[in-house]
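Structure first, commentary second.
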Ligand SMILES: Nc1ncnc2c1ncn2[C@@H]1O[C@H](COP(=O)(O)OP(=O)(O)O)[C@@H](O)[C@H]1O
Ligand SMILES: [Mg+2]
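Chains as they are written, first to last, in this note's numbering: chain H, 1 to 290; chain C, 1 to 284.
Here it is, written out as structure tokens:
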């Protein structure tokens, strides 16, 4: 179909892409929302600071914003000496919680991805497993915490079990849905061009399902983080959840708020990372949504 | 209607002197089981059709009459209930490198670049080509469909017409004997469509590839087909086979100005309209 004159779009020439001209409108379109967010947050913390200093609320419940940031900064830049109970060692506890979280997430992926793919690909496996998956997925996981404490005590194993259980279901369900919704025409095309069953999985179903799996992991991270904090609040002697519990016990409100702040930051960073990952592995999906 | 009578009397393939059958469908009946309604649906019934080497056969008929089912049976991805399809004398048991398909919704892998999509048939089927031969073919067909410069683009970055040209290149790259096309130009704008029809006609005339082509457009059917097969609604049966003896290449001769063109168009339109009305009333 080598018609030059009548083709809808000209073939690529070197001048097909040009750099956008600098203009304020363009600059604002790209960076404006960041700018507004920074001003917005600055105002929020200034108001908080003023409000806390006015003495309307006891510092036991609401620390000043500057106090919270100071605690956070000190806690992240200093490492606690071994054996010290809490003061100023947020970094250690953060590291501990993240280790448990990532171990749990890794296990959840190792179990959840193949399980979801198998359920999507095999009627028998799907029929047998789906009642259990739905039952466990709909059960509030906190309800299981006392049971696991009974089984395993206040151990890392208990905490990781809770994280795995929190994170594995969104991963399974998303992977399963990805396989199920794989476009029929893509499967037909691959078959017409000679794909066997294994090729269909490897070259069509899996790449199609990959972005689903990533959004499953994204949900898994959110749930897993809740799992970590809950497991640590219930029991244990390390981690951000434990730190919150300690801060409450010792009326250390600036530590409490510093840890909450840190949880927000960690959670947002992880979620943004998976969003970026999703857009990176599946740019076509992002464009479809626009 | 005198013309129509004489035309419908003509035997399949009678216009070609040394007819060499490539696709033979014999008393083909195909259906689906509808799980939800606990019923069996007969999509196609008693289809007998012979397509000869180098022939361009167009299937028309109302939506849901079984055109896609028929072409899928030739491709080997749908199994018949009764009857057989033979390709080059062998009964079809599955897909093969002698057949390739162009899809209405392009069916390109969105995670693969243009080049990688066109190369995909080679990954799925070993045709005994060397790496150089494969590279050479991929680039030859990329060029043929006028997409050089877009090798590294992804399908979502292309217009509908360009996507379909990728689909065509992917089908041609294995150099199949038989090209199956399921409404390939239906989703493409009129200007691009005409250019692509004309190029397709020129290409398959040159290569003597056998084509089975589905369309909803009667103009497209008359412009491209050596024979137009009109299929009736539910169960899909061959209602009439209309030979189109217009000079080729048709886009160069301006056949649309010929009186025969108008008559054929009118005749096929009437046949399809009757069936479409049946379909709209909910079948027979
Ligand atoms: N996979 C399927 N399962 C059940 N019914 C199907 C399936 N594919 C097609 N059909 C039915 O078979 C009939 C013919 O379909 P199709 O061959 O796609 O028609 P056409 O391409 O002519 O529009 C339709 O009634 C359709 O609903
Ligand atoms: Mg169809």
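We treat Cβ as the ideally placed atom computed from N, Cα and C, and that holds for glycine.
Query	Result
Do residue 177 of chain C and residue 98 of chain C have their beta-carbon atoms positioned less than 8 Å apart in this structure?	yes
Apply the 10 Å Cβ neighbour rule to residue 241 of chain H and answer buried if 16 or more other Cβ atoms are within range, or exposed otherwise.	buried
List, in chain order, every chain D residue whose beta-carbon is nearer than 8 Å to that of residue 77 of chain C.	Of the protein chains in this structure, namely H and C, none is chain D.
Using CA coordinates, which residue listed in C/267, C/280, C/210, C/184 is at the minimum distance from residue 51 of chain C?	C/210
Using 10 angstroms around the beta-carbon of residue 161 of chain H, count the other beta-carbons present and answer buried if the total reaches 16, otherwise exposed.	buried
DSSP puts residue 171 of chain C in a beta bridge; with which residues?	Answer is none; residue 171 of chain C lacks a bridge partner.
So with Cβ pairs under 8 Å, would you call residue 223 of chain C a contact of chain H?	no
Does the beta-carbon of residue 114 of chain H have 16 or more other beta-carbons within 10 angstroms, so that it is buried, or is it exposed?	exposed
Compare the Cα-Cα distances from residue 173 of chain C to each of H/193, H/155, H/158 and report the closest residue.	H/193
Going by C-alpha to C-alpha distance, which of H/184, H/63, H/48, H/76 sits closest to residue 256 of chain H?	H/63
Ignore the nearest five residues each way along the sequence and tell me which others in residue 255 of chain C's own chain have a CB closer than 6 Å to its CB.	246, 261
Looking only at its own chain, which residues have a Cβ that is under 6 Å from the Cβ of residue 116 of chain H, when we skip the five neighbours before and after it?	172, 175, 176
Which chain C residues are close to residue 185 of chain H, counting only those with a beta carbon under 9 Å from its beta carbon?	103, 104, 105, 106, 107
Which residues, in order along the stretch 259-284 of chain H, keep a beta-carbon less than 9 Å from a beta-carbon of chain C?	281, 282, 283, 284
Using a Cβ-Cβ cutoff of 8 Å, what residues of the stretch 244-257 of chain C are near chain H? List them in chain order.	none
With burial defined as no fewer than 16 other Cβ atoms inside 10 Å of the residue's Cβ, what is the status of residue 153 of chain H: buried or exposed?	exposed
Could one say the Cβ of residue 134 of chain C lies closer than 8 Å to chain H's Cβ atoms, at least one of them?	no
Beta carbon of residue 189 of chain H: closer than 7 Å to some heavy atom of ligand 1?	no
Exposed or buried, which one is residue 93 of chain H when buried takes at least 16 other CB atoms within 10 Å?	buried
By a C-beta neighbour count over all protein chains shown, 10 Å radius and 16 as the cutoff for buried, is residue 136 of chain C buried or exposed?	exposed
Give a yes or no on whether 8 Å exceeds the smallest Cβ distance from residue 59 of chain C to chain H.	no
Excluding the 5 residues preceding and the 5 following residue 108 of chain C in the sequence, name in chain order all residues of the same chain whose CB lies nearer than 7 Å to its CB.	117, 155, 163, 166, 167
For ligand 2, I want to know if residue 182 of chain C counts as a neighbour, meaning its beta carbon is within less than 7 Å of at least one of the ligand's heavy atoms.	yes
Under 7 Å: does the beta carbon of residue 68 of chain C sit that close to some heavy atom of ligand 3?	The ligand content of the structure shown is limited to ligand 1 and ligand 2, which means ligand 3 is not among them.
Would you check if the distance between the CB atom of residue 182 of chain C and the CB atom of residue 120 of chain C is smaller than 8 Å?	no
Using 7 Å as the cut-off, classify the Cβ of residue 276 of chain C as near or not near the heavy atoms of ligand 1, replying yes or no.	no
Would you please state the rounded distance, in angstroms, between the beta carbons of residue 349 of chain H and residue 261 of chain H? I believe it to be under 8 Å.	What the structure shows of chain H is the stretch from 1 to 290, and residue 349 of chain H is not part of that stretch, so it cannot be assessed.
Please classify residue 25 of chain H as buried or exposed, where buried requires at least 16 other C-beta atoms within 10 Å of its C-beta.	exposed
Since residue 31 of chain C sits in a beta bridge, which residues does DSSP pair it with?	C/42
Roughly how many angstroms lie between the CA atoms of residue 83 of chain H and residue 230 of chain H, to the nearest whole one?	Confidence in residue 83 of chain H is poor, its pLDDT being 47 and thus under 50, which makes the residue's placement unreliable; the coordinate value appears in the next sentence. Distance between the alpha carbons of residue 83 of chain H and residue 230 of chain H is about 24 Å.
Could you tell me whether any non-hydrogen atom of ligand 1 is closer than 7 Å to the CB of residue 61 of chain C?	yes
With a threshold of 8 Å between beta-carbons, can residue 70 of chain H be considered close to chain C, or not?	no
Looking only at its own chain, which residues have a Cβ that is under 6 Å from the Cβ of residue 86 of chain C, when we skip the five neighbours before and after it?	24
Is residue 195 of chain H close to chain C, meaning its C-beta is less than 8 Å from at least one C-beta of that chain?	yes
Chain C beta carbons: is any one of them nearer than 8 Å to that of residue 56 of chain H?	no
Can you give me, in chain order, the residues of the stretch 128-156 of chain C that have a beta carbon less than 8 Å from any beta carbon in chain H?	143, 144, 145, 146, 147, 148, 149, 150, 154, 155, 156
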